[in-house]
Each structure stands twice: as C-alpha cells, then as structure tokens.
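A.B. asks:
Protein chains in written order, with the working numbering: chain A, 45 to 207; chain B, 95 to 524; chain C, 665 to 1470.
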C-alpha cells in the first residue's frame, strides 16, 4: 500500500524526467568528442589496417619475392600474383594485384609475408570513381610503399617486440 | 700379477726388431719364419684345428673392436663356390695410432705369413693389404717383402708343391681415416669412394666385390704365425684372463720416450708409462686416452690404477681400442685438446649419413667457439645432447667415435670448459 | 613367410623384405628421404630410424630386413627421439629460403619438418653454402638446399644407365655434382626433379612461375612415343605450367621421359595457330571458321567431284584415334581411299598381308622379365627412352641383349651380341641369323619349305667373329652364363626397321626367327597412336595409294591432319614437291609451320592438351583422356573440325556430339580392350615377301644415308619445346661418318661438303662419328635444313665444297 502511494507521488513529481534531463544537461556542458572528419582525425593505432602497400628496401629494391603466401592465405581471394625469374636470377612478381572491392582488411597478407613486403598502412580514406579504380596494381602499391615508408617503418619498429 | 717385463718386451710382432736388417726374409726365417705355413700346407692341417688353436689363444682383433679372431675366421662360409678374399687393414689413421706402421717397417714377413695362413684356413686365394695413405716408405718396404716372398715361393700359385695358391697384393690408400672402417675399406679397394656400407650384410657374406671376405688388423695377422709356432696356450699365458697374448701399445703425447712397446696384456699402466720414460719433463699426469682418440679419456688417478687389458680398461670407463695411449700432462688445455680432436672428426667424416655429416661440424664449431672465448653456458648441454644424438644413429662407428671424446672430456673436465665460458680464457694456460 | 609386428599390428611379409616395405604395405607412415621404392637402398639419411625390440640402437627401417617375430615400434619415444634428432641435423645446414624455393608446398623436408622439427633452431653457427651447378637446360640447381640423400645419383646410375651425378668431397664438404663442365644429359633426367626431396633440383623452365597449390592437376597421356605414359598436367588459369608423371606400374612405373615432361613448352609457343587462315593470292589472311571451312569444303569437293582419287589424306600417327578415324571416314565419304598415317614408312609390300593390327607382341611390363632380346633397327634411347629402361632392367637381371643396327649408339647397358652393318646389309644379316638358327638340331626338323628355300641362298660367316651365330644361339637359349631350353625371348623391331626401305623383308625374317625359337615378336611403335590408327583402319583401301605413293605421284588435293609434310614424311623432298604442286592443300594444324607454306587453308586445331581423345599404345592398351585446358584462341579439337567439315560436305554419319561417340563407333560399341585382344596380331597371311627376299646382295659400292629422327625432332610438339632444343640431344646437324670413311673420301672433319639425294642437295659439315658403319653417312631427317634431301635411307652422293679462289 505504502509503495503504491510512493509510486503515484513519484510520477506526479516527474522524477524520472528530471533524472533524464539531468543526464542531458550534463552532456550539454561536457567537453565534446565529436571529430570533425575530414578536418579532424581520430587517433590511430600503429597496427591500423588500412590501404595496402608494397615496401621497398632503402636501395630501392622491391622486397616482394613472389612467394605467394599472401595470395594463398587471403580469405577473400583478393590478391593475384604472377611471377617469373628476373634477369638477375631473383624471384620476382610480374603482377601483383589487390582487388580492394574484395579485400576484407584482415591483415593476413601482412602476417604471412616473410619479408615484410606487403603491409597495411594507416591510410583509410581512398576512393575510386570507377569500379576498376579499386584494383590496385603493383606500381600503385609500390608507390604507396615509397610514399609512406617512414610511417610504415616507424610503426613496424614500435610493434616489433610484440611480434 | 704381471709377468716379468724384460723377458717379453717385443716378443711377438716385433720379434725381429733387434736383429740387423729386421725386415728381410732372411732375418725372419732365422726365427723360424714361414715354417708354420710350410707345415700346415704340406701336412694339410685341417682348418678347424688352426681355428681351435686361435680360439684357445684368445687372440682378439687388434684393430680396436677386440672381436675374437678364431670366431671371426670361422664365420667365413666354407663351401662357397667362387672367390673369397682376405683383407688386411693397415689403414691406421687415428690420432695416436702408429703400431701397424712399425710392423710393416720391421717385420713385414710375419704379416705375410699370417695372411697366407689365413688364406689357407678360410680358402681365400687372394689377399690385399690396404696400407694407409700417409706411409709411403712402409708401403715400399712391404712391396719389397712381397717380392722376396714371391721369389722364395712363399706366395703365388701351388705353394710348396700343393694345389694351394695364395696371392697377396699391397694396396695403397690415400689417407682417408674412414677407409680404416672395414666396409669403407672394401669400397676403396674396389676403386670407389671410401664410404662405409650398412651392415648387414656383413663382409663375411657380402664383402669385396660381393664375395665372402674377412678383414683383420695387421697386428692380428702378424700374431697368428707366432701362436701357431708356439701353441695357443703359450700365447694365452702371456696375457691375462680374457685378454690373451701381447699387445702393441703406441705411447704418445707428454712422455719422455714416445714409441711402440709390445708388452704382455695386463701390464699395469704405470709400468707402461715407465717404459716410455715417464711423463715429460717430470710433470704431473693429467689424463690418458688409452686406446686412440675415439675412446673416452680417463683421468690420471683412475688410469694409474688400471692394467692394460680389455677388461680392466673397460672397468676404468674406456676402451683398449687399438692400444694407442695418448698421455696428457698437467699443462694440457683440455678445451684446446677437444677442439683439435673434434676438428679431426669433422674433417674425416665421409659425409654419407646425416648425423655424422652435420653433427661433427656442429660439435667442432661449438667447441671452437668456446675455445675462442665466445662460449655460452648452455653450450655444454648442447654439446652433450648433440653428441648423444650422433651416437648409435650412424652407418659406421665414426659417429660414435666423434661423440665419445666430447662426452668424456666434458664429463671429466667440465670445470675447465666452464672457466673458458665464464672468463673467455683457459684455466690452464691463461 | 616371417610374421612381424609393427606398432602392435601383426603382418606376414615376404622373406627378405625390409621393415619400411612392410610398414608401407600396412599404411604405417615412416618418415624417409633417401629411400625410394624404385631405387637401391642407401640408408644414409637416417630419417627412418625405428625401434626394434631387443636392439640397443635404433635401426634404419629401409635397410633392416625383417626376421620372424620381429617387433618394431615406429612411434615409440625411443624411435621418435631418434627421428627428431636426425631432423634437427638435416635442418641445421638447410637454408630457410622456402619462400623463394620452387619446392615450397610440395617439399618432403618441409612436410616432415612439420611433424619432427623443432620450432626453433639450436644451431647458431654459420650455415653451409654450396655453389650451384649448371647441369643443363632442364634442371635448375640450388645445391645449398641439398641434404645428400643421393636419390638423384642412384637414379641416373640405376635407371638412367649412366652415372652422371656423384657425390664428391667428404663430410660437410660433400656435394652432389656432375662431371667437370658436364651437364646431365640423360633422356630421363627430369625424373630427378621429382625424386629430390628438397628444392635442390627443380625444373628450369618452370622456375619461379607458379606454386604447387595454385595448380590444378588434370590427367592426360603423353603423346610422343608408343609407350603412352600417363601424365598429369598442372594447369594454372588456362595454361599448362608443367607435366609430371602419374604412376602406372604396367606402363611407366613412376617415371616419364624428358620428352614427355618438357614438350608442354610448345603448347604455349608463339608458333601456335590461333585463327583459321586462307591463302589469298599468295598472301595469308586471317578469317573466321565459317569461311575457312566452306573454302576447304568447296575446294576438296571440286577435286573429289572430278576424281576422288586425286585427293590424298595424311594423318599424323600422333593424332588421336577419333581424329584419325574421322579423317578416314571423311575421305571415304568423298569416295577417296588414299588415307595413311604411316608417314615415315617407305616399304608397303606387307599391306594386305597382315592378319591383324601390328603391335609390340607382348606387354610393356613383360620386357623386364625377358631373358633373351633381339632388337632390330632401333636407336633405343632415342626412340623409346623409357621402354629402354625396362630393357635395362632385364639386362641387369641377366638377360642377353642382341642388337642388329645400322648405328652403334650406346644403349647404356651391356650388349651381349651385336651386328652393326649398313642399312642395306641388314636383311642379309637377319637371314644369317635365321640360317644359323635353322641348322640347330632342335629346329632343323620342322623348317617350313619357304624358310629352307630361302636359307639355302644364305652364306653364314662362321668363326668366333660371327655375331649371327652368337645371336642365334643366344635367342635359342645357350649363353655364356646360363643355358635355358626355352628362354623368355623377344624379337623387337624399332623405328629404323620400320622406316627401312626393305621393312617387309626385315619384318618377315624377324617373324620367322621369332617363330622358330618361340620368341614373342613385335614392333615398338613409333608414335603415340601408331597402333591405334592401324587399329582404326586409317590405312589406304585396297589398290589405293599409301603415304609414299601419294607423294610420288602428286595428288591435286591433300588433307593433312596434324602433319608437317617435309618433316614428318619419309622423303622430305617428295613431300615438299607434292605440296607445292597440289591445287589445294587443306591443313589441320596446331602450329603455323614453314612446312605448310604451300597449304591453301590452315585450320587451327587443338593439341592433345586441349582435346579429348583416345590413344592405343604399343601394347594395345586403350587410354582415353580429356582436355586439360580450353583450346587457345579460335582453335578447335580436330575431331570437331573434321565433324563439321563432314557436315559441310554433306557426308552422312557425321553427327557426333562428343569424342566418346566417335570412339564408340570405332569400337563398334564393344569393350575396347576385348576388341584389341581379338584384333592385335603380328602374323602374316603368307610369307611371300620372305621367300622373295633378296639375300647375299653384294653390297653395291655406293654411299647410303642413315636418316634417323633425332630424339627431340620426332613430332611437331617436341620440335617447338625450347628447353629440349637446348639439350645435348639437339646435336649439331652434320654429315657424320666413320673416320676411315672420312679419310677414304678425302674430307677433313669440319670441312664443308655437299650432299645430294635425287634432285636435292644441301651443304653440311663433315664430321666423324665412329658409330656409323663404313659406307654410310648419318644425316638426320625431320629437319628443315635437310628437307631438300630425299629418302631417309638410300643412296646419296657427297662431295667436298670447293673453295673458290677469290
């Protein structure tokens, strides 16, 4: 009986509403966390798995040795590699395509790579205007590698002790 | 109880050593040489009688394994149609071993007679003596002795007017240690690369050119004429129980008078050491390898209490082997010594089977690293483990031979190794 | 039979077998590297160490014979510890370069390391590096990876017949190498790639091009010789990347020849014809199938309407049964009986005398158990690389091999007796063997009058030099080692015999010899489907023209199925001339070929990898295969092309929807192997040829040509397989002769000579080859450089080229 009266009084005094409004009010004056993308960016982990790149050695030699482990491990079958013996006798790719429309960014390719060649960079905003634009070929991936090498190298070094 | 020294020193295989021109046929004949051969051939002594005499004498293979010779000779198939071969293993290449060389140098005819007797007993018409590649002068002496024997009608066809023929040839090796392994020796005589065969089949059923073959050590063959001349019992009595006769000991290392000493089996080690003039410069004895580099090393105190016969040395934790006594005094750096021994096996492994081919190099590199002052504590366990992994898993005994020194050196002288690892320098030489 | 126990399972095994054989038969896996069931036991890898009860040491399963009551443990702690320690030793010096190693993914070391290797290495010292060897254009080496199992060494010695690889150096310095500056030249060398348990020996043409897991395996049959080895084509996308053997104990055991292994390189060569082409006023124009077929049909029809016998149909003996059969059916539909597949044969006197289809007379697997073999006219290793291995096995087991040959090339096995004579003396040599045999008491009583009549004319040279006597004795059972009353014997004719201008006499005398001594008799058929094409009656009708007469009296129109006339026919000069003079040549071809320059329409057909079909091999085994890849470009399977051509020509009975329907028609719906066993027969209706044999000919004092087909020139595919053409077998073309012959003719070795046959002549270099008998010059056929010459065997003229003073 007593409880019944308490409930009725509570509903008349709009206690629940006030509680809700209090929460709203608290956030109204709290510091905002909305990020104004693209002008602002959220912080990224060094392990972020974004757009792919093929790395090169400092002397400009490509790292990839066409072992095709990434192709084999790729669960989305997004990677296509063709290989041959280059004139200097080394094993090299003649074709290295990643179909980003298939890629699920799982990072297996990077994990399987014995020479740290294929990596996922922090780049997450890229687009294509035609469907074919998202088929990244070897020159495009190498260019990515060239462009972001410093960042890639820093991230890998930082992560090295956990690998 | 040991027999008197002076009476028996150099009495069997080195009988001719004090005579002028010891290697000549004349000298050997003056001691009754070739008479046993003539007797058994002309009297057509049954082979089984000779084998029984050898069994009585308890002559054991002098090449290292110590297998009873009489028994070995009886394994040869008797009614085999076709060629049988007799081989003498004079390919002594083990560090510390140099006894067969002196037999070839001073008493080749006794070996020739021994082999001819073997040919008669086992029905082999052809024999080869495989002589180590690094002793050319002795090879020439042996070839001269063969010529003498042939000219005197002691080798060749229809000996002494009977229908028994025995032709003996010398075969010069090229210095590979592995060719001292009997099946590798067979391959080498056949003109192939010296690599051991896996056994079975044993040479007695599938030997040289696939024919029944018996292989014995030089000293074993050279002991046979003496035994048959003086009787098996006499020879047996020269030694002690289970180790009949005399034995050649090649004493080397830190002694005043290194050399070969033919003494009775069972001689206490201190007496042998005394024969060799004692430890070099009067220093203290540290350790002895009693049977050639592939047997375990024995520390001084144990060795000084041991007699030189098969059973006693086994009891001391080592093997009599070929009787190659390597004496090491207190100034010996055991790590460096092991480095040298391991390098020998690394270089001499034939490369046929995996554990030895890969393992000997591994052992040597780790020991070398320790000797270079770059060792790690866990290296000692690694060495032990790798050695254990090699032993018993190879085609021939070279794997075991390479592992044994490592195991025994670390077992007995572990502190020296640990000192090297901790201080980067030797405990002994600083 | 001893009973043993392996891992608590009891099995009864053959006495003398080894533990590993017993375990294999029970399906118990024992890791191994050096052991291979077809090679001798080496016991050097030590990977197969197992525990045997009452033995203190682990024993190698491959080299330990079983004894009754033996108890073996392959998975006990003791055994596994030994196996793991060996694995560690193997891995310490093995490079960690699996990512760039072609063996990666199909590597025995890799596989076994998963089970027996540790996750990390305790070895921190320097690893061994071994320099690579260049052992030829077929095999690529990475010797650092070698684990010294010596399978390759043993293969080349035991199967290949010549020890071309060996292990030099001791201990860690031991390495596998060829002779100094020599390559591995065995015609079976590719098998060491399959044998190598690591990536030390890999395929050079395949190098770095694909991974094993990307490849789809499709079954096929090797199309180069009469053996018909079952093969596996490894396909990526629509390309055949490599060829590996399939195992069939009855045919190829587990090997294939290099010809079968590397000919796939031609399938993707730039020479492939991919669109139909028509020659328009002397210029080749690409066109569509419709126009090409209509063009071909109209032209053929025009000729046929006038006189069907003006058409000649030549079919390659490497074509499938379906293709050959449809070509024959097409010709018959046009009313023409001139069809033949025996392009390199020149003596057709036996036509219509055969009771059945000619075959090898025994099973392929029987060859190794023969005790006496006479091979007539065969450069064995060149013609039948893998069958020669069976013969080698027989000889190793004690068989006596006798040879009657015009060239003395080494078959890499001991030859008991041989007669090396000029081609035209071969008939006489055979007659001598027959005569020597006929006077033996066992046979003398029941000679047929024909044989008696013939051998009266033969003079046998007597004395120890006479190999005829020795061969006869050998075949009939007496020998240096073991005399047998009825040895298992075989008389086999090789390609040289079949190409021989007096094949009929050689055949009938060979048959007579075999019959007399009870040997099996047969022909080692040259091409993949020689027997099959014979069987399908792809032969001229009675009184129609055969492959030779069709060229001798040129036809107005030719239909060529997979034929390069001047390279595939007995007389290159005649073939080229006939093509040039014909009004219309319709060629179904896989390749754009210089030899088809005089064709009028080229119809692109699919090679064996792109079509389904059936081959019948030399032992009459019917093997059907399907396409491994889709036809390239506009190519179509030849049976489809012929079918549509039949439709366009309005010939009835050409409504096939599949190659199976065609083969069903060939075999009349019956079981092919049953039908084959009914129809294969090497006997002759009558031996008139034998009676009329010309024997004891005084060898006329003229020079003769020995025009053999070199190993890698045998058919259109191998000719275009680039890696094979780089091997030692691509012998530089020259006029090879005995050094005495060279001296007699007054030539210098290396000097230029002009060789003429009929109207054609070519300039060659004179070279010494003492394997050639006096009176003969060895000049390879099936080459465009010698296409101006005539018969493969026959008289020729040779003179030195005079160097004109400037």
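Built from N, CA and C at the ideal position, the CB exists for glycine as well.
If you measure beta-carbon to beta-carbon, which residues of the stretch 867-880 of chain C are closer than 8 Å to chain A?
C.D. replies: 871, 872, 873, 874, 875, 877, 878
A.B. asks: Residue 205 (chain A) CB to nearest chain C CB: under 7 Å?
C.D. replies: no
A.B. asks: Short of 6 Å in beta carbon distance, which residues of its chain neighbour residue 145 (chain A), apart from the five on each side in sequence? Order them along the chain.
C.D. replies: 178
A.B. asks: Go ahead and pull the three-state DSSP assignment for residue 143 (chain A).
C.D. replies: strand
A.B. asks: Just to check my reading of the structure: residue 786 (chain C) and residue 476 (chain B) have Cβ atoms closer than 8 Å, yes? What is that Cβ distance to the nearest angstrom?
C.D. replies: 6 Å
A.B. asks: When DSSP labels each residue in this structure, what does residue 135 (chain A) get in the three-state scheme?
C.D. replies: strand
A.B. asks: What residue from B:322, B:433, B:297 has the CA that sits closest to residue 179 (chain B)'s CA?
C.D. replies: B:297
A.B. asks: Indicate whether the contact test is met: 3 or more Cβ pairs, each with one atom in the stretch 113-127 of chain B and one in the stretch 252-264 of chain B, closer than 8 Å.
C.D. replies: no
A.B. asks: Under 8 Å Cβ-Cβ, which residues of chain B neighbour residue 695 (chain C)?
C.D. replies: In chain order: nothing, as chain B lies at least about 12 Å away.
A.B. asks: Please tell me whether residue 670 (chain C) has its Cβ less than 7 Å away from any Cβ of chain A.
C.D. replies: It does not: the Cβ of residue 670 (chain C) has no partner Cβ on chain A nearer than 7 Å.
A.B. asks: Taking 7 Å as the cut-off, decide whether the C-beta atoms of residue 169 (chain B) and residue 356 (chain B) are in contact.
C.D. replies: Taking 7 Å as the Cβ cut-off, residue 169 (chain B) and residue 356 (chain B) do not qualify as a contacting pair.
A.B. asks: With DSSP as the reference, please indicate the residues paired to residue 357 (chain B) in a beta bridge.
C.D. replies: B:341
A.B. asks: Bridge partners for residue 436 (chain B) per DSSP, in chain order?
C.D. replies: Per DSSP, none; premise fails for residue 436 (chain B).
A.B. asks: State the CB to CB distance for the pair residue 196 (chain A) and residue 99 (chain A), rounded to an integer number of angstroms; the pair is presumed to be in contact (CB under 8 Å).
C.D. replies: 6 Å
A.B. asks: Would you mind telling me which residues of chain C sit closer than 9 Å to residue 119 (chain A), beta carbon to beta carbon, in chain order?
C.D. replies: Near residue 119 (chain A) there are no residues of chain C at all, since even the closest Cβ is about 15 Å away, more than 9 Å.
A.B. asks: In chain A, which residues lie less than 7 Å from residue 764 (chain C) when you measure between Cβ atoms?
C.D. replies: 109, 111, 135
A.B. asks: Taking only the alpha-carbon atoms, compute the straight-line gap between residue 480 (chain B) and residue 490 (chain B) and give it to the nearest angstrom.
C.D. replies: 17 Å
A.B. asks: So with CB distances below 7 Å, who are the chain C contacts of residue 161 (chain A)?
C.D. replies: Those do not exist, as residue 161 (chain A) stays about 10 Å from chain C at its closest Cβ, beyond 7 Å.
A.B. asks: In chain order, what residues of the same chain lie with their CB nearer than 6 Å to the CB of residue 1474 (chain C), ignoring the 5 residues before and after it?
C.D. replies: Outside the shown range of chain C, which is 665 to 1470, sits residue 1474 (chain C), and nothing can be said about it.
A.B. asks: Does any CB atom of chain B fall closer than 7 Å to the CB of residue 754 (chain C)?
C.D. replies: yes
A.B. asks: Helix, strand or coil for residue 785 (chain C), going by three-state DSSP, please let me know.
C.D. replies: In this structure, residue 785 (chain C) counts as coil in the three-state DSSP scheme.
A.B. asks: Which first and last residues belong to the beta strand (DSSP E) in which residue 737 (chain C) is found?
C.D. replies: 735-737
A.B. asks: Can you pull the chain B residues whose beta carbon is under 9 Å from the beta carbon of residue 1454 (chain C), in chain order?
C.D. replies: None at all; the shortest Cβ gap to chain B is about 50 Å.
A.B. asks: Could you tell me which residues DSSP puts in a beta bridge with residue 651 (chain C)?
C.D. replies: With chain C covering only 665 through 1470, there is no way to say anything about residue 651 (chain C).
A.B. asks: Should residue 772 (chain C) be flagged as near chain B, meaning a C-beta pair shorter than 7 Å?
C.D. replies: Taking Cβ atoms only, chain B never reaches closer than 7 Å to residue 772 (chain C), which makes this a no.
A.B. asks: Helix, strand or coil: which one does DSSP assign to residue 54 (chain A)?
C.D. replies: helix
A.B. asks: Taking any Cβ of chain B, which residues in the stretch 705-722 of chain C have a Cβ under 7 Å from it, in chain order?
C.D. replies: 707, 708, 709, 710, 713, 721, 722
A.B. asks: Under a three-way DSSP split, which group does residue 1178 (chain C) fall into?
C.D. replies: helix
A.B. asks: List, in chain order, every chain C residue whose beta-carbon is nearer than 7 Å to that of residue 204 (chain B).
C.D. replies: Correct list: empty, because the minimum Cβ distance to chain C is about 34 Å.
A.B. asks: Please list the residues of the stretch 1025-1054 of chain C that have a C-beta atom closer than 7 Å to any C-beta atom in chain B, keeping them in chain order.
C.D. replies: none
A.B. asks: Using a Cβ-Cβ cut-off of 7 Å, state whether residue 187 (chain B) counts as contacting chain C.
C.D. replies: no
A.B. asks: Run down chain C in chain order and give the residues with a C-beta less than 8 Å from the C-beta of residue 105 (chain A).
C.D. replies: Under the 8 Å cutoff, chain C gives no residues; its nearest Cβ is about 14 Å from residue 105 (chain A).
A.B. asks: Alpha carbon to alpha carbon, what distance is there between residue 1381 (chain C) and residue 852 (chain C)?
C.D. replies: 18 Å
A.B. asks: Of the residues B:285, B:142, B:328, which one's Cα is nearest the Cα of residue 267 (chain B)?
C.D. replies: B:285
A.B. asks: Just the Cα atoms here: how many angstroms apart are residue 144 (chain B) and residue 1137 (chain C)?
C.D. replies: 49 Å
A.B. asks: Span of the beta strand (DSSP E) holding residue 179 (chain B)?
C.D. replies: 179-184
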